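Novice: Please see the structure below; I have some questions.
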Amino acid sequence: HISMPPTLAIPTSLGPWPAGRGRRCAGVSSFGWSGTNAHVVLEAAPPVVDAPPAAARDAVLLPLSARSAPALAALARSYSGALAGADRLEDLVYTAAVRRAHHEHRLAVVGRSADGLREALTEYLARGSHPAVIAGRNRKASAPLAFVFPGQGSQWPGMGRRLLVQEMVFRESLERCDEAIRREAGWSVVERLTVVDRELDGIDEVQPALFAVSVALAALWQSWGIQPGAVVGHSLGEIAAAHVAGALDLPDAARVICRRSHLLRRLSSRGAMAAVDLPLEEARAALQGFEDRLAVAVSNGPRSTVISGDPVALETVLVRLRERNVFARLVQVDVASHSPQVDEITPDLLRDLAGIRPRTGTVPIYSTVTGRLIDGATLDAAYWTRNVRQPVLFGPTMEQAMEAGFTTVLEVSPHPILVTAVEGTAQHVGRPAVVLSSLRRDHDEMTELLTSLGRLHCQGSPVNWSALQTSGARAVSLPNYPWQHRRFWIEAAADRPALERTARGSRRPSPDWLWRLAWRPEPRRRRGDR
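Under this note's numbering, the first residue of the sequence shown carries the number 14, and numbering increases by one thereafter.
Right under this line is the structure:
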C-alpha cells in the first residue's frame, strides 16, 4: 500500500482535472504499469490577463531571413502575397520576429501598414533596392558597437514627443531624468518637450533637455537588445555617455549638466565659434597672437576643426584664412565653449561639482578630453571642469576606438550631427564602418529608429524582438520556408575491406568511418537497366 499526499493522485480512468489553490501539474508516463516515472510534465495554462492597450506604433519592422540568397528572394515573394490579405499586421510581424529563426541572409522591411510593407517588398524584388528594405548578412562576427553622444546642436522643437506616447521605456527613462533635473534646475523637461511650438530657451534649457532625450534613447535601444561595447561623448554628450556607462548615477549626472549649463549661460552673447577646414595643429598655428582670446574648441576629424572665443578676434582670423582659400564659416552659437572665456566660470563649476562620486562603469569610456580609454572613477569635478574648457578631441578619440575594432557606431541623439565626422574618420584610418543615427529632425521618429535597428539586425547585431512587439499579439500561420531542392549523391566506398581494417584498428572510430561502413549504396542505374 502506498500512502498518497492529499493533493496527489494517480488517475485510473478519465475524469475532470479539478482546480485547487495552487498550480495544477500532471506527470505523463510512457509505462502502462507505473505512474512513478514522468516523461512529460504538464501544467495548467496561466490565466490570461488583459494588458492595457498600448498606443499603436507609427511603423513596424518585419524581419525575413533564409540560408541562401535565392531562398530569401522566394521567401520575400511569399510574404508579399501574405501581406496582401493580412488582417492583423501586428500578429504577422510578431510571429516573423519572435517565432522564427533568423538565418544568415536577411531582409528588414520598415513600413506603416501591410500595404506599405507589401509595396516595398514588391519593388525591392523587381529593382533590387527600396528605401524601406534593408538587406545584409549575419557573418557571426559583427563589429562591436559604440554609442556616440553629441554635444549641442541636435535639438529641435517636439523631439521625442511621439516616443513619449508610444514607448514606455523611453517615457519612464525621460521621466526619471525629468525628476532629477527638476530637483537641480526647478523646471520640467517633459513639459518643455510637450508644449506645441515652444522652443527651448537658452543654453541652460537646451543642454539638460538634450541630456535627458539622449539618455532615454539609450534606454530604448538597450531594451531592444542593442548594447554598447563602448561609449564616446562629445562635449556635453560626455555626461550622458558617463551615465549610460554606469560611471555617474542619475543625480550626479543631472547635477553636472545643470550646473554646467547654468554657468555657461553667464557667457551668452559674448562669444562665437567657427568651423574651419584645417587639421588640429594647423588650426592652432593660425591662432598665434590670439591665444588669450581664442582657442581650438573641437577636433572632429583630420580636417574638421572648430575655433572659439572672442567674436572680433575670431573674425580677424577668419579673414586671414579665407585669403588663403581655407574654408571657414561661423557656427550658430553665442557661447564660446572650450575657449579662454570659460576660465571665468571654472572656479564656480569646480566648487559646485565637488560632491559628485564617480565610479568605474560597466561599459568602457573613450574620453574626448584625453583622447583615450579612461576609468569612469576619474570623472570627478576636475575632469568636468576640463571637459568644458579644453578642446573636444572627438576625431582622435574615434580613431582610437576604431583601431580597437569599434567600426559600428550609433549616434544617440535627436538629430545626427556627428555621422559625417565619424564616416570621415573611418575613411582616414582605412576601416570600413557602419554609422547609424537614432532620430532625425522633423521625420517620423519610429521609422528612423526601426530603419537603424533593421540595419543592425541585418549585419548580425542581436535584437530583443519580444520587446518590440505590441502587447496581445498572437502567433499566426506564415509562409513556409522555401526549400531549395538539390540532389546529392554519396559514392560507394572503393575499398570496403580497407575501411573495415581501419575501423577495427581504431579504439574510437570516427562517425565518418562508421557511416561509411554502414552505408551500402545501390549501384547507380543507367538508362536501360532493369
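We put the beta carbon where it would ideally sit given N, CA and C, even for glycine.
Here the structure is a predicted model, which means the values were calculated and not measured.
Measuring alpha carbon to alpha carbon, tell me which of E117, G238 and V311 ends up nearest F407.
Specialist: It is V311.
Novice: Take A127 and list the residues in its own chain whose beta-carbon comes closer than 6 Å to its own, dropping the five residues that flank it on each side.
Specialist: L96, A99 and L102.
Novice: Could I get the ranges of all uninterrupted alpha helix (DSSP H) runs contained in the stretch 406–489, with 4 residues as the minimum, in chain order?
Specialist: With a minimum length of 4 residues, the continuous alpha helix (DSSP H) runs that stay inside the stretch 406–489 are 407–416, 432–442 and 458–471.
Novice: What does the Cβ neighbour count give for I598, buried or exposed, with the cut at 16 atoms within 10 Å?
Specialist: This structure cannot speak to residue 598, because the chain is shown only from 14 to 543.
Novice: What would DSSP say about I369, mapped onto helix, strand or coil?
Specialist: Coil at I369, not helix or strand.
Novice: Buried or exposed: where does L261 fall if 16 or more other Cβ atoms within 10 Å of its Cβ makes it buried?
Specialist: So L261 counts as buried.
Novice: Between V289 and L223, which are expected to be in contact by the criterion C-beta below 8 Å, what is the C-beta distance as a whole number of angstroms?
Specialist: Not a contact, Cβ separation roughly 25 Å.
Novice: Going by alpha carbons, who is nearest to V422 out of G215, I239, L187 and L362?
Specialist: That would be I239, whose Cα lies nearest to the Cα of V422.
Novice: If I follow the unbroken alpha helix (DSSP H) through V330, where does it start and stop?
Specialist: Here the alpha helix (DSSP H) through V330 covers P324 to E336.
Novice: What number of angstroms, rounded off, separates the C-alpha of R372 from the C-alpha of P31?
Specialist: Between R372 and P31, the C-alpha separation is close to 56 Å.
Novice: Hey, how far is the Cα of A287 from the Cα of Q165?
Specialist: Distance between the alpha carbons of A287 and Q165: 14 Å.
Novice: Please state the DSSP three-state secondary structure of P360.
Specialist: The answer is helix: DSSP assigns P360 an H, G or I state.
Novice: Say whether the stretch 193–202 touches the stretch 234–250, bearing in mind that this needs 3 or more beta-carbon pairs closer than 8 Å, one atom from each stretch.
Specialist: No, because fewer than three Cβ pairs between the stretch 193–202 and the stretch 234–250 fall closer than 8 Å, the two stretches do not touch.
Novice: Does the Cβ of F160 have 16 or more other Cβ atoms within 10 Å, making it buried, or fewer, making it exposed?
Specialist: So F160 counts as buried.
Novice: Going by the DSSP bridge assignment, what does A285 pair with across the sheet?
Specialist: Answer by DSSP bridge pairing, in chain order: G322.
Novice: Once DSSP output is grouped into helix, strand and coil, what is the label at I23?
Specialist: Note: I23 maps to coil in three-state DSSP.
Novice: Can you tell me whether P76 is buried or exposed, with buried defined as 16 or more other CB within 10 angstroms of its CB?
Specialist: It counts as buried.
Novice: Helix, strand or coil for I239, going by three-state DSSP, please let me know.
Specialist: If DSSP states are grouped into helix, strand and coil, I239 belongs with coil.
Novice: Here's the rule I'm using: 16 or more other beta-carbon atoms within 10 Å means buried, otherwise exposed. How should Q345 be labelled?
Specialist: Counting Cβ neighbours within 10 Å, Q345 comes out exposed, since fewer than 16 surround it.
Novice: Report the residue from P29, G35, Y107 and V53 whose alpha carbon sits nearest the alpha carbon of S479.
Specialist: Ranking P29, G35, Y107 and V53 by Cα distance to S479 puts Y107 first.
Novice: Determine, using beta-carbon pairs with one atom in the stretch 114–124 and one in the stretch 141–158, whether at least three such pairs fall under 8 Å.
Specialist: At 8 Å Cβ cutoff, the stretches touch.
Novice: What does S317 pair with, by DSSP beta-bridge criteria?
Specialist: Answer by DSSP bridge pairing, in chain order: G314.
Novice: Can you check the stretch 51–127 for any alpha helix (DSSP H) of at least 4 residues that lies completely inside it and give the ranges in chain order?
Specialist: As far as the stretch 51–127 is concerned, its whole alpha helix (DSSP H) runs of at least 4 residues are 82–97 and 102–111.
Novice: Please state whether DSSP places R342 in a helix, a strand or coil.
Specialist: Strand.
Novice: How is E535 classed by DSSP in three states: helix, strand or coil?
Specialist: Note that E535 scores 49 on pLDDT, short of 50, meaning its location in the model is unreliable; the coordinates nonetheless yield the value given after this. DSSP places E535 in coil when its eight states are reduced to three.
Novice: In chain order, what residues of the same chain lie with their CB nearer than 6 Å to the CB of A2, ignoring the 5 residues before and after it?
Specialist: Summary: the structure shown does not reach residue 2, with the chain confined to residues 14 through 543, and so no result is reported for it.
Novice: Quick check: the Cα distance between P475 and H428, rounded to an integer number of angstroms?
Specialist: Each residue's alpha carbon lies about 24 Å from the other.
Novice: With respect to the alpha helix (DSSP H) encompassing V182, which residues constitute its N-terminal and C-terminal limits?
Specialist: Start and end: M181 to A198.
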